[in-house]
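Residue numbers (this note's numbering): 297 to 651. A virtual CB, placed ideally from N, CA and C, is assigned to each residue, including glycine.
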Ligand SMILES: [Zn+2]
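Structural data, given as structure tokens:
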């Protein structure tokens, strides 16, 4: 026997829901009988006139939380005559499918403070014989992961995060050296030992898998330039400024502290066809085409895509790949995003927000 919707005058619902939107917190209690109009007919009469529940609905229907943030879902029924109706809060059952994302009996979803960007969970909501799911994703907020230093630069505080965003607006803290640099076992365009061979462990492991998969498909990639210390970046940038002028230098080289290579998560790759050059000619090689199509499967993105200079601040670099992890890489590649576009505080419930 399907359950009837919780008795509530449908005319009162828009008012109740606008109240929920205004107040946020404690919205579930607004759906209890005490909040309905005292002039409402007795519950038994009302029930007889109401259609059965056809489905459940959740507001919001999907959610992006910053690590440590929480947000309360509002659940209501849709009746067979397409009207919204309240449900008994005590009879709703919530379950989270992810370890880093939890939900309490009131429908408040919380991302663990140490959750990683790219962690996802499906929240299952059951009521009577009805069930819906709400996808939840963890994404750090740009504003909560950077502070402004004395010279007005935005300095990131999540430099160890594999999803850290470093660009012309956001720099690494002075003196930052990644904690776990190793040399990936892949072919390089040079033989001598050099800091350029290093990457962070997780990125190095992924690079080995990427190169092995390329080779398996008949394409030989070479590492050209991985980790770059602040000091090296400084001498490189100064040299470009001397030879090409500051404006041109900034199109393809980073101001020290602003280079992704200093994160240990980026590497420039090339092929022997173009003599290991890092220029547009690499983009036309079969190796580069394979790379653009498959990098995401191993957690890498082409960080500075074609026609995105206005967003990334850099001209197209088919050779510069950045490790972000498989989940993010897939989302960024599939939706033709840049890392800058992936992060959007307007879509994220921030940890410092009250809700
Ligand atoms: Zn690069």
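Return helix, strand or coil for residue i, following the three-state DSSP convention.
i	result
residue 581	coil
residue 521	strand
residue 575	coil
residue 492	helix
residue 384	coil
residue 635	helix
residue 355	strand
residue 505	helix
residue 317	With a pLDDT of only 33 at residue 317, under the threshold of 50, the placement of this residue in the model should not be trusted, and no figure is reported.
residue 347	coil
residue 640	coil
residue 326	Confidence at residue 326 is low in this model, with a pLDDT of 32, below 50, so the placement of that residue should be treated as unreliable; the coordinate-derived value is given next. Residue 326 falls in the helix class under three-state DSSP.
Taking DSSP's pairing of strands, which residues face residue i in a bridge?
i	result
residue 452	442
residue 527	Residue 527 pairs with nothing; no bridge assigned.
residue 418	431
residue 361	434, 645
residue 467	451
residue 535	Partner(s): none; residue 535 has no beta bridge.
residue 484	519
residue 477	496
residue 413	Residue 413 pairs with nothing; no bridge assigned.
residue 391	420
residue 619	596
residue 372	353
residue 397	394, 407
How many Å lie between residue i and residue j at the Cα?
i	j	result
residue 633	residue 595	14 Å
residue 622	residue 573	27 Å
residue 492	residue 520	7 Å
residue 313	residue 645	With a pLDDT of 35 at residue 313, under the threshold of 50, the modelled position of that residue is not reliable, and the figure given next carries that caveat. So the alpha carbons of these two residues sit roughly 20 Å apart.
residue 435	residue 408	12 Å
residue 465	residue 501	29 Å
residue 352	residue 364	28 Å
residue 589	residue 480	22 Å
residue 359	residue 642	12 Å
residue 377	residue 648	40 Å
residue 355	residue 410	26 Å
residue 370	residue 412	25 Å
residue 635	residue 507	22 Å
residue 510	residue 637	28 Å
residue 504	residue 497	11 Å
residue 382	residue 372	5 Å
residue 587	residue 617	9 Å
Check this for me: beta carbons of residue i and residue j, under 7 Å apart or not?
i	j	result
residue 558	residue 524	yes
residue 625	residue 607	no
residue 560	residue 489	no
residue 366	residue 420	no
residue 529	residue 566	no
residue 401	residue 418	no
residue 629	residue 592	yes
residue 552	residue 578	no
residue 467	residue 451	yes
residue 485	residue 518	yes
residue 545	residue 537	yes
residue 639	residue 438	yes
Q | Contiguous beta strand (DSSP E) assignments of at least 3 residues, all confined to the region 540-615 | A | 562-566, 596-600
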